[in-house]
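If you count the sequence shown from 1, position 99 lands on 547 in our numbering, and the numbers rise without skipping. For every residue, glycine included, the Cβ atom is placed at its ideal position computed from N, Cα and C. Keep in mind the model is a prediction, meaning the values are calculated, not measured.
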Amino acid sequence: TSPFDAASAFNGEEASQLYEAEDWQAALAAFSTLADAEENERIAAAARLYAAECRMQLDDYGRARDEFESLLATHEPSTTPANLLFRAGEAARLAGDDRLARERLSQFVGQHPDHAYAAYAHAYLGAIATAAEDYAGAGRHSRQPLGQGADPEHAQSIRSSLLPPYPRLGKT
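Here is the structure:
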């Protein structure tokens, strides 16, 4: 089961209220305390998930990546929740761990090609390919369908962000 499934356990809790108020530091402390004290594994995992989300908001991407990876380790690859897999890849990318980001985001688009976040995963994968000067790979990601749930307003900006800058292509 997904840690997202147990998130309703936090309704009305101080940690949830702090999260909703976007008090990320206080919410992180509250969810970390809940995770450490909780005996129910599903609820503890949900608290760890929210703690990782707080870390993302606090730009602590390396520790968020580690927490998402720890949560991923508790799932069989075929049962990994899509959102968890995407966030693990995103955190890895933002932490500068392109190898892990490529692995997780590729796994995400392979398992969930029509997910609303697929467009964002392709954007990250395209950026990783561009950084590695793999322009053919970047181009493949720019031609991928943007998924059924992709926000049409962002579709073009996502697709255009996958293109390498003109100077890198030798154009002026």
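In whole angstroms, what is the alpha-carbon distance linking Ala499 and Ala540?
Locating residue 499 in the sequence shown gives position 51, counting from the first residue. Locating residue 540 in the sequence shown gives position 92, counting from the first residue. Those two C-alpha atoms are separated by around 16 Å.
Specify the secondary structure class of Asn488 as computed by DSSP and reduced to three states.
Against the sequence shown, residue 488 aligns to sequence position 40. Reduced to three states, the DSSP call for Asn488 is coil.
Please state whether the Cβ-Cβ distance between Leu573 and His589 is less than 8 Å.
Taking the sequence shown and counting its residues from 1, one reaches residue 573 at position 125. Taking the sequence shown and counting its residues from 1, one reaches residue 589 at position 141. Taking 8 Å as the Cβ cut-off, Leu573 and His589 qualify as a contacting pair.
Just to confirm the assignment, what range does the alpha helix (DSSP H) spanning Gly558 have?
Start at 1 with the first residue of the sequence shown, and residue 558 comes out as number 110. It spans Asp546 to Gln559 - the alpha helix (DSSP H) in which Gly558 sits, taken as one unbroken run.
How about the stretch 529–538 and the stretch 546–562: do they share at least three Cβ pairs that are nearer than 8 Å?
yes
Could you check the C-alpha separation between Ala475 and Ala580 for me, to the nearest Å?
Counted from its first residue, the sequence shown places residue 475 at position 27. Counted from its first residue, the sequence shown places residue 580 at position 132. Taking the straight line from one Cα to the other gives about 37 Å.
Using beta-carbon positions only, say whether Thr522 and Ala495 come within less than 8 Å of one another.
Along the sequence shown, one-based indexing puts residue 522 at 74. Along the sequence shown, one-based indexing puts residue 495 at 47. No, they are not a contact pair.
Please classify Ala485 as buried or exposed, where buried requires at least 16 other C-beta atoms within 10 Å of its C-beta.
Numbered from 1 along the sequence shown, position 37 holds the residue referred to as residue 485. Exposed, since its Cβ has fewer than 16 Cβ neighbours within 10 Å.
Is it the case that the CB of Glu486 approaches a heavy atom of the ligand MN more closely than 7 Å?
Absent from the structure shown: the ligand MN. Ligands present: none.
Taking the alpha-carbon positions, what's the Asp507 to Gln473 distance?
Locating residue 507 in the sequence shown gives position 59, counting from the first residue. Locating residue 473 in the sequence shown gives position 25, counting from the first residue. Asp507 and Gln473: Cα-Cα distance of roughly 11 Å.
Using the C-alpha atoms, what's the distance from Leu466 back to Ser605?
Start at 1 with the first residue of the sequence shown, and residue 605 comes out as number 157. Start at 1 with the first residue of the sequence shown, and residue 466 comes out as number 18. Its pLDDT being 48, under 50, Ser605 is placed unreliably by the model, and nothing is read from it.
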